[in-house]
Structures are given as structure tokens and as C-alpha cells.
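Protein chains in written order, with the working numbering: chain X, 2 to 116; chain C, 2 to 116. All C-beta atoms in this analysis are idealised placements derived from N, C-alpha and C, irrespective of residue type, glycine included. Input: a single structure, listed below in C-alpha cells.
There are 2 protein chains.
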Amino acid sequence: MARAATTTDAFNAVAEPRRRQLLDLLAAGERPVNDLVELLGVAQPQVSKHLAVLRQVGLVEVRDAGRQRLYRLNGHPLKEIYDWVQSYARTWQERFELLDAVIAELKEEEDDHDD
Amino acid sequence: MARAATTTDAFNAVAEPRRRQLLDLLAAGERPVNDLVELLGVAQPQVSKHLAVLRQVGLVEVRDAGRQRLYRLNGHPLKEIYDWVQSYARTWQERFELLDAVIAELKEEEDDHDD
DNA sequence: AAATCATATTCCGATACAGGAATACGACAA
DNA sequence: TTGTCGTATTCCTGTATCGGAATATGATTT
Chain X
2 MARAATTTDA
12 FNAVAEPRRR
22 QLLDLLAAGE
32 RPVNDLVELL
42 GVAQPQVSKH
52 LAVLRQVGLV
62 EVRDAGRQRL
72 YRLNGHPLKE
82 IYDWVQSYAR
92 TWQERFELLD
102 AVIAELKEEE
112 DDHDD
Chain C
2 MARAATTTDA
12 FNAVAEPRRR
22 QLLDLLAAGE
32 RPVNDLVELL
42 GVAQPQVSKH
52 LAVLRQVGLV
62 EVRDAGRQRL
72 YRLNGHPLKE
82 IYDWVQSYAR
92 TWQERFELLD
102 AVIAELKEEE
112 DDHDD
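Written as C-alpha cells, this is what we have:
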């Protein structure tokens, strides 16, 4: 078995930096493909391919407008990632680290009592 | 060029579900490999390989204890993911959606005045 | 109808993954 | 020192990627 498809879920789709950049651009609002091509400085076919992946996991939606296709962000599928990663926040957040330090100190004092 | 290596960053390392499960288990505390093997129900070599990936992106650290190797979580590299995804929270969070609805309503009223 | 613009799809090559099986390694026990 | 336990590494195979280049599709203009 190979690596899971990029279209499997938001985790896999978003592991690619260019796709994150695309979402970042679309966060500012709806845009036609050519705008994204210029802003990213990436060849048009690659942009279309990345957008196709994002569409398959529901991170973007499309709307036809004449000969253009306007893409817009749909952040909902990111909630899965947010929920998972959010539970690890205590690991790196400073105030939690301070709290841990205080607890460790208290524990040491307690151990001293035991001696 | 192929897909970026799983060891490139936390985004890629964590796209694999088993590796997220490993981190979830280690969140409860330090554990030797065999514990993880039993808890996951996955063959030992695969567990060691997943742990190697996590180690390379800094998400776990190891400590030798006799013939065992104790792995522990280090959530810091997840901050990159948290920071990125957190900025999209307004997209799906209900209270923001409610706020957006209110704003849209106000705007409509305003437009009515213009007529 | 022909030309053109905006976008999507296909074909290519190189890369590397994930799981399975087998095996190597290092620490400890007998 | 031989054996055994806990873990890591290697080899294998099928699969899917990403970028580049070329081409196809579909809507619009001339």
C-alpha cells in the first residue's frame, strides 16, 4: 500500500504548501484561476490541478462566470485538523509551561518533606 | 518531482492517521515501543518506522531504558499547524456565522434606505 | 465559422511512500 | 557465551504523487 491519496482528507490535501497558499489567497475572497496563477507565479495547469484536489476534499467551491471559473474558500473541512491539533496546545503554550514548572516545584517541595 | 517527504515537516508527518494515533497515545505519557504495538494492534516494524518519522520532525523524543526505548511526545512542531489552521476558525465557528448573518441583515437594511 | 481566451485534462518521468516479511542489532539473562 | 528480549533496519512491491509539456474543452468575440 502506498501513501494515502492527497484527496483522502483535509490533512493530506493541506500537507502540500502550494495548496495552503491557494487557500490563503482565497481567504481574501473569490477569485478566477488566472488571478491565482499570477499571484502564485505557478503554471496554470498546476494551479488547476491543485484546485481540483482542494475541490475534492471540499475546501473550495466553484462558480461559473462566463468563461472564467470563480473559486472560493470553504474552511469547514479544516475543522477536523483544528480539533485534533487544538488538544495539543497545552504542550507549547507558555502559560501552560509556566504552570507545569510551578507544579514541578511544588512536587519537589513535597518530596523534600518526605526525606 | 514527487510528493514531499513525510519527514519534511509536521504537516506531512501528521497526514498519516497511524502517526496521529501514536501521538494521541503518547499524550498520556512516556511509553516503550511494545506498549504502542499492543495498543495500536500494528506490527512492530511499522510502529518503529512511524516513530522514526515522528522523531525526524521532532514530534517525539526517545530515552533509553535498559533494552527498552521510551518515547515521549513533544508537541511544539504542531504549533505551525495550529497557527495556520487557527486563522480559518471564523469560517466554521457558529458564533462567527451568526455574526456574519447579522451583518448581512444590517447591510440589507442599509440598501433598502438607498432605494 | 474561425480565432481567441480561460481553464481542465492527459501523458510523462522521477520519487518515495506504506505495509509485509525477514533480518540485524544491542542489552540483558542464564 | 549462548540465548532471548525489545527494537531498528533492509528489501520488496504496488501505488500515487508533483511538475512540465502538450493538448483538449468550452465559452466568447470577431
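contact_flag[the region 86-96 of chain C, the region 40-55 of chain C] where n(CB pairs < 8 Å) is 3 or more: no
Beta-bridge pairing of aspartate 65/X - partner residues as DSSP gives them: Arg70/X
Contact with chain X by lysine 80/C, beta-carbon distance below 7 Å: yes
Per-residue burial, valine 54/C [other beta carbons within 10 Å of its own, 16 or more giving buried]: buried
Coarse secondary structure for arginine 4/C, derived from DSSP in three states: coil
Whole alpha helix (DSSP H) elements within the region 36-62 of chain C, 4-residue minimum: 45-57
Interface flag, threonine 8/X vs chain C, CB-CB below 7 Å: No, because no Cβ of chain C sits closer than 7 Å to the Cβ of threonine 8/X.
Selection from Asp84/C, Asn75/C, Ser88/C and Tyr89/C that minimises the alpha carbon distance to glutamate 31/C: Asn75/C
Extent of the continuous alpha helix (DSSP H) run through glutamine 87/C: 80-87
Spatial neighbours of threonine 8/X in its chain, beta-carbon cut-off 8 Å, leaving aside the 5 residues before and after: Ala14, Val54, Gln57 and Val58
Contacting residues, own chain, Cβ-Cβ under 7 Å from leucine 1/X (five flanking each side not counted): Within the shown structure, residues of chain X are numbered from 2 to 116, placing residue 1/X beyond reach of any answer.
C-alpha distance - arginine 20/X paired with glutamate 106/X, whole-angstrom precision: 45 Å
Any chain X beta carbon closer than 7 Å to aspartate 116/C: Any answer about aspartate 116/C is weak, because its pLDDT of 49 lies below 50 and its placement is not dependable; what the coordinates show is given next. No, no contact with chain X.
Of the residues Glu17/C, Asp10/C and Met2/C, the one placed nearest alanine 3/X, counting alpha carbons only: Glu17/C
Span of the alpha helix (DSSP H) around threonine 9/X: Unbroken run through threonine 9/X: none, as it is neither H nor E.
Identity of the residue in Leu79/X, Asp10/X, Arg70/X and Val61/X nearest asparagine 35/X by Cα: Checking every option, the nearest Cα to that of asparagine 35/X belongs to Arg70/X.
The region 29-63 of chain X: positions lying closer than 7 Å to chain C by Cβ: none
Min CB distance glycine 67/X to chain C below 7 Å: no
Chain C within 7 Å of alanine 11/X, Cβ atoms only: no
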